[in-house]
Every structure is written in C-alpha cells, then in structure tokens.
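Asker:
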Amino acid sequence: MKKVIGLAAAIGLMTTSLVQADSTITVSGSTSVTNVMEVLSENYKQTAGKTVEVQGTGSSAGIRAAKDGTSMIGMSSREVKTNEMSADTKGTVIARDGIAIAVNNSNPIKNLTKEQVAKIYRGEVKNWKEVGGENKPIVVVTRDTASGTRGAFEDILKLKRKVNGIKVSAIAATAQVGNGNGMVKTIVANNPFAIGYISLGSVDSSLKALAVDGYKASDNNIAAGDYTIARPFVLLMKDDVNKEAREFVNYILSDTGQNIIVNEGYIRVN
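First residue of the sequence shown? That's -13 in this note's numbering, and the numbers climb one at a time after it.
Put into structure tokens, the structure is as follows:
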C-alpha cells in the first residue's frame, strides 16, 4: 500500500509540474523590449494569474527562438527581415520606440543632423569641434552586433557597407561596445565626451537626448514622423503556438496593455 501511495504521489507531483510548465508563457529576445515586457508580464500575472518568463537575449536570438519554438514568443526591436522568418512564423507590432542619440549632461551640443550622427559613427567626424562643440575627441559607443537597437540604428542611418559583396557594419571599429541599454547609459553618463544610442524609453536624468534635424526625441515627434530615428517593437510567434501565448499578446494589444506601454515611455499602436 505504501508503494502504491508513493507512486500515486509521484505521478501527482509530475502532473502538477507539467501543468505548471504548460501554463508558463516563455518570451525571449530584444533587451530593449524586455524592459516593458517585464512590466506587462507582472501586470498580466496579477490580472490573469498566468506566469510569463522573460529573458533578454537580443533581437536576433529572439527571432530564432520564436522560429525554432524554443520560446513561445520572440521579441525584436527592429524590422524583421524576410529571410529571418519562416512560413509558419508571424510578427505583431506592439509598440513603437525612438532611438535616442545620447550624450553626457555636460556636453553643450543640443542638436545634430542625421548626417552628422552617421559621420560620427563611421569615424569621419572625430572631434566635437567639427559639429559645434568643444575641441575634444568624440568617444563613440555602440551596441553589440546581435542588438536589435543596433540593427535598426544602422538601417535608419545607412551604416552598412559592402565587403566582397557582403553587407557589413560601417560603424568604426574603434567604437566602444555596450551590452544593453544600461551599459551604454553608464558609459555615456560617466564620460563627458561620449555619444551613444539607446531606447527612448530608457532615457533618464543621467544623460541627455539630442534633437536630430531640429526635432526632439519625443512621442509626438515620432508619431508625426518628424523624429525619424525610430523603430517598431515586434513579437513573433509560430502559427501553432498555444492559446496562453496568444491570449498574452492579445492582452498587450488591449487598451490596458497599450496604456502600460505608454506609461513606460513608448508609443502605442492602437
């Protein structure tokens, strides 16, 4: 009898574990999207009682995870290329975000043109005096190559070049690399001559976001199309993903979810 009870208890525990695993929604990808996704998941757990596990692994990794099914939902903070998708994987835009050009608070520069920003990142402009600032060398800070923010930044500013017929980054090899918005913020906030780019929703008082072509990086200017260094936040799912994952995405697209997106500093899509 004891063995039977023990076996029944073991089966019960296994069943409970499987139910818990099935009810957990897994999300991975862009570190930029991760910030707002964690807030959305916390609110969703309070209202729907469902657990959402969020991992910031980078946009490219998130796209792959959705495509191969290792995550129910993948996150990308850039447009997803056709050759990255599979026939049974679909993308949904849940928000829009500006990419802020950030400098140290002590930097007197308030505005740059897109062309000036591009030249700084190509290494063609190396001193702040060339763009109206002090006679000091520019410390360029970029993101790692797997970053969706970097991918969007390079696409928007045309920071690609061809080498032997293959497109590669045109960002200067001397640029410092920050792994995530937080690292870029830390470098720029602690170096008076640094320039970096981060998600607009991550901008705080530790640094200064520059106007570009005379337009401040703001929700209104992005929505109007005046501030053009902007990108979508995309969620990717396979067609056969379970209903729990789809319900979570529907929650994000609902008025409640979109209000959370706005409160976190991003632009709603409906």
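Even for Gly, the Cβ is constructed at its ideal location relative to N, Cα and C. Just so you know, these numbers come straight off a predicted model, no measurement behind them.
Please give the ranges of any alpha helix (DSSP H) in the region 68 to 155, keeping only runs that are unbroken, at least 4 residues long and fully inside the region.
Answerer: 100 to 108, 134 to 142
Asker: Grouping DSSP H, G and I as helix and E and B as strand, with all else coil, what is L196?
Answerer: Reduced to three states, the DSSP call for L196 is coil.
Asker: Roughly how many whole angstroms lie between the Cα atoms of N236 and M58?
Answerer: 14 Å
Asker: Rounded to whole angstroms, how far is the Cβ of G187 from the Cβ of Y252, which I believe are closer than 8 Å?
Answerer: 5 Å
Asker: Just curious, the alpha helix (DSSP H) that V235 is in, first and last residue?
Answerer: 229 to 239
Asker: Which residue comes first and which comes last in the beta strand (DSSP E) that contains V163?
Answerer: 162 to 164
Asker: Thinking just about the alpha-carbon of each residue, which of A73, A34, K36 is nearest to the one in A52?
Answerer: A73
Asker: Buried or exposed, going by whether 16 or more other CB atoms sit within 10 Å of the CB of P218?
Answerer: buried
Asker: Pairing CB atoms from the region 125 to 141 with CB atoms from the region 194 to 207, are three or more of them under 8 Å?
Answerer: no
Asker: CB A138 to CB V255, shorter than 8 Å?
Answerer: no
Asker: Suppose you measure from the CA of I247 to the CA of N29; what does that come to, to the nearest Å?
Answerer: 12 Å
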